[in-house]
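In the working numbering, the protein residues as written are 3 to 443.
Backbone N, C-alpha and C fix where the C-beta goes; we use that ideal spot for every residue, glycine too.
Remember, predicted model here, so these are calculated numbers, not experimental data.
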Amino acid sequence: MPSNPNIPSVRYRSQSGLKSLSPWSIERGTKFLFAEGDARHDRLKLKVEARVHFSPDALEDVLGDISHRDPDSRPDVLRLENRGPDRWNVSTVRDTWLFNAHGTADLAKPGLLVFKLELDLNPTTFLAHQPTPRIADIQARPAAEALRVDPNVRQYLRAVTADGNDNMLLGVDYLGSTVFDHRAERWDALMDTYMGKVQELLAATLVPANRLAVLDAIIFKSIVQAEVHWELEHRDAVSWVSGFRKALFAADNATRFTVYQIGNAECIKLTINPEIALKIYAKEAANRVRFEIEFIGKINRSFRTHSRAGYRTSVPDQLKALRVPAAKHVQRTWNEVMKFTAIEDNATDLCDFMARLNRCVPEENRRVIVSLLANQRRLCETIPDGFAPSTVCQALEREGILIRTRIRKRAPQAQYALAPSWSRMFDRLLNRNDAPPHLMN
C-alpha cells in the first residue's frame, strides 16, 4: 500500500516540470500521480452560436466584410460558401489560426444572420505557440496575434513529438515550474484567456469596427468532445507504453482496448463506456507518457455523476470541471492494472544498455561483446588491435556496464565483470539464473 497516497503535490519538486513514473512516485498512489490540479485540456469541440443584425439591404456588404480577403487591412479568418438562397457554409482559413470553426450561417429573416458553428480548440497547442508562458503577457497580446500559428514552433514540435503533432509543452516554465502548487488556477486562467481571445477575434470578424451590423454575444452552447490529459516522465516512454499494454491485458484479458499507430506513437485506447475512453501513448518517444481521457457525446452525464460543477454552469466552467471525472477514471484504471501486475522495465533496460555500449564500442565489435557479456557475464581486455582493448573496457567501466575485478593482482590482462544490474537484466531476458545472488538480507 502507498505510504501516504495523499501527499500534497506542492511538496514534490521536479527539475523537468513533470512527475516521474518512478517506483517512488508510483508508491505515492494515483491521487499523487494523477492529481486533478495537474490535468490539462487538449482537443476540444464546442457548439457556438452568434447572431448578426443589420439593415436588410446591406446583406451583400455584411457577407463581404466577413469573408474578405485582404489580410493587410484586417485578419483573414473566415470563408463563406453559398449553399442556397439563405444559407452559407462557414470555415476558417486553413493552417493560419490556433482554432478551427466550421458550420453554417442562415438568413433567419431579413436583417438577421444566425451562425451555428463547431469550434475546434486546443489550449495546449495555444500555449505552446506563445512566445512566453506568462498569462499576463498572453492577455496583453492582440487576439489576432495570440491566435496565429507560429510556423517555426509547429515545425519544431512536430519533429520532436512521437505522434507528429504540436500539442505539447516544452520547458519548465511552460509546464508550470518545478513545483505543482497552483497549477489548476494557472491553467484555468489560460483557458479563460484562450477562449476569450477566440470570442474576440470571431466578433471582430463577424462585425468589423465602424460597420452598421450589430453582433449579439458569441455564446458557447455545449461541449461536443473534450480531452483531459496528464503527462508523466519515464526514461523510455515507448518501452513503458508497450509494457503497460501487456499489463493491461494481464489484468483483464476481456478488457476492450485497441492499439493503433499515430505517427511513431503506439496508442492504447481503452473504452471505459460508450462516452468515455482512456488513451495512453508516448507523446515524446524519449521520456514522456501521456494519459488522456476522452469525453464524447453525452458529456453532461459526467457532471451529474462525478463533477462538483452544477449542471447549468457555463461551458468554460464545465470544461474546467471535467478534470474531476477524468481523474477518477484514470485513477481507477491504474489501480486495477497495478493490482494484478507490475510493469517491468526489461525493454527500457535493454535500450539503455545498448545506448551505453554503442557509445563505447566500434560498430564492428558490438555483436561479439554483447554475446560475451550476455552469455559469460565477463570480459577480458585484449591487445590494442583486438575487439576489447583497454580504451573500450575503460569506457564501458565509466558507463557502468563493467566493473574492474582485482582479485588476481598479477593477471596478464585486466579482467572485468558485467555489473550485477545488467547481469540480472540478461537473466530476465534470457530466462536464466547466471547473475550473482544477493548475499545480504
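Quiz item: When the Cα of C382 is compared with those of L420, E366, A349, E365, which residue comes out closest?
Solution: Closest by alpha carbon: L420.
Quiz item: In the DSSP assignment, what residue or residues form a beta bridge with C269?
Solution: DSSP links C269 through a beta bridge to Y262.
Practice problem: Output the distance between the C-alpha atoms of R358 and A349, rounded to the nearest integer angstrom. | Solution: Going by C-alpha positions, R358 is about 14 Å away from A349.
Quiz item: Are the beta-carbon atoms of L250 and H331 separated by less than 8 Å?
Solution: L250 is not a Cβ neighbour of H331, given a cutoff of 8 Å.
Exercise. Give every residue of the same chain whose Cβ lies closer than 7 Å to the Cβ of R71, excluding the five residues on either side of it in the sequence, and list them in chain order.
Key: Cβ neighbours of R71 beyond the five flanking positions: D78.
Quiz item: Taking just the CA atoms, how far does P364 sit from R156?
Solution: About 37 Å.
Practice problem: Let me know the secondary structure DSSP gives G86 once reduced to three states. | Solution: Of the three classes helix, strand and coil, the one that applies to G86 here is strand, per DSSP.
Practice problem: Output the boundary residues of the beta strand (DSSP E) element that contains S224. | Solution: That run of the beta strand (DSSP E) goes 221-235.
Quiz item: When you compare each of R185, R258, A142, D238 to Y14 by their alpha carbons, which one comes out closest?
Solution: Of the listed residues, the one whose Cα sits closest to Y14 is R185.
Self-check item: Residues that DSSP places opposite Q417 in a beta bridge
Solution: Bridge partners of Q417 according to DSSP: C382, T407.
Quiz item: Considering only residues of the same chain and omitting the five flanking positions on each side of V102, which have a CB-CB separation below 6 Å?
Solution: The sequence shown places Asn at residue 102, not Val. Here N102 has T94, D122 as same chain residues with Cβ atoms under 6 Å from its own Cβ, once five neighbours each way along the sequence are excluded.
Quiz item: What residues are listed by DSSP as bridge partners for T106?
Solution: Here T106 is bridged, per DSSP, to N91, K118.
Quiz item: What did DSSP end up calling F246 once you bin it into helix, strand or coil?
Solution: Helix, per DSSP.
Exercise. Determine the DSSP secondary structure at L80, reduced to helix, strand or coil.
Key: Note: L80 maps to strand in three-state DSSP.
Quiz item: D165 and H131 look like a contact to me (Cβ under 8 Å); what is the Cβ gap, rounded to whole Å?
Solution: About 17 Å separates the CB atoms of D165 and H131; that is not less than 8 Å, and the two are not in contact.
Practice problem: Pull up the DSSP beta-bridge partners for A52, would you. | Solution: Beta-bridge pairing links A52 to F117.
Quiz item: Within 8 Å (strictly less), CB to CB, does K281 reach chain B?
Solution: Structure shown: chain B not included; a single protein chain is present.
Quiz item: What is the residue span of the alpha helix (DSSP H) that V317 lies within?
Solution: First-last of the alpha helix (DSSP H) with V317: 317-323.
Self-check item: T163 versus P144, N266, T134, residue with shortest Cα-Cα distance
Solution: Distances from the CA of T163 to each of P144, N266, T134 were compared; the closest alpha carbon is that of N266.
Exercise. Take R380 and list the residues in its own chain whose beta-carbon comes closer than 6 Å to its own, dropping the five residues that flank it on each side.
Key: Within the same chain, Cβ atoms closer than 6 Å to the Cβ of R380 are found at A419, the five residues on either side in sequence being excluded.
Self-check item: Alpha carbon of E147 to alpha carbon of Q333, nearest angstrom
Solution: Between the alpha carbons of E147 and Q333 lies a distance of about 38 Å.
Self-check item: Same chain, Cβ closer than 6 Å to R430, five either side skipped, listed in chain order
Solution: Excluding five sequence positions before and after R430, the CB atoms of its chain that fall closer than 6 Å to its own CB belong to N348, given in chain order.
Exercise. Grab me the residues of T260's own chain with a C-beta within less than 6 Å of its C-beta, minus the 5 sequence neighbours each way, in chain order.
Key: In its chain, beyond the 5 residues on either side, K271 have a beta carbon closer than 6 Å to the beta carbon of T260.
Exercise. At 3 residues or longer, and completely inside the region 16-75: list those beta strand (DSSP E) runs for me, N to C.
Key: With a minimum length of 3 residues, the continuous beta strand (DSSP E) runs that stay inside the region 16-75 are 42-55.
Quiz item: Do the CB positions of I295 and V230 come within less than 8 Å of each other?
Solution: In this structure, V230 lies closer than 8 Å to I295 by Cβ.
Quiz item: DSSP on I453, reduced to helix/strand/coil?
Solution: Since the first and last residues shown for the chain are 3 and 443, residue 453 lies out of range.
Practice problem: Look up L129 in the DSSP assignment and say whether it is helix, strand or coil. | Solution: Reduced to three states, the DSSP call for L129 is helix.
Practice problem: For the beta strand (DSSP E) containing L280, list its first residue and its last residue. | Solution: For L280, the enclosing beta strand (DSSP E) starts and ends at 278-286.
Exercise. Within 10 angstroms of the Cβ of M356, are there 16 or more other Cβ atoms? Answer buried if so, exposed if not.
Key: The residue is exposed, with fewer than 16 neighbouring Cβ atoms inside 10 Å.
Quiz item: Taking buried to mean at least 16 other C-beta atoms within 10 Å of its own C-beta, is W26 buried or exposed?
Solution: Around the beta carbon of W26, fewer than 16 other beta carbons sit within 10 angstroms, so the residue counts as exposed.
Practice problem: Helix, strand or coil for V181, going by three-state DSSP, please let me know. | Solution: DSSP, reduced to helix, strand and coil, places V181 within a strand of the structure shown.
Quiz item: Can you find at least 3 beta carbon pairs, one from the region 169-187 and one from the region 16-23, that sit closer than 8 Å?
Solution: Touching, per the Cβ criterion.
Practice problem: Quickly, what does DSSP pair L217 with across the bridge? List them, please. | Solution: According to DSSP, which records beta bridges pairwise, L217 is partnered with V54.
Quiz item: Three or more C-beta pairs closer than 8 Å, one from the region 206-214 and one from the region 47-67: is that the case here?
Solution: Judged by Cβ distances under 8 Å, the region 206-214 makes contact with the region 47-67, as three or more pairs qualify.
Exercise. Using only alpha-carbon positions, find the residue among H55, W99, Q141, T98 that is nearest to D108.
Key: Per the Cα distances, H55.
Quiz item: According to DSSP, what are the bridge partners of K111?
Solution: DSSP lists L114 as partners of K111.
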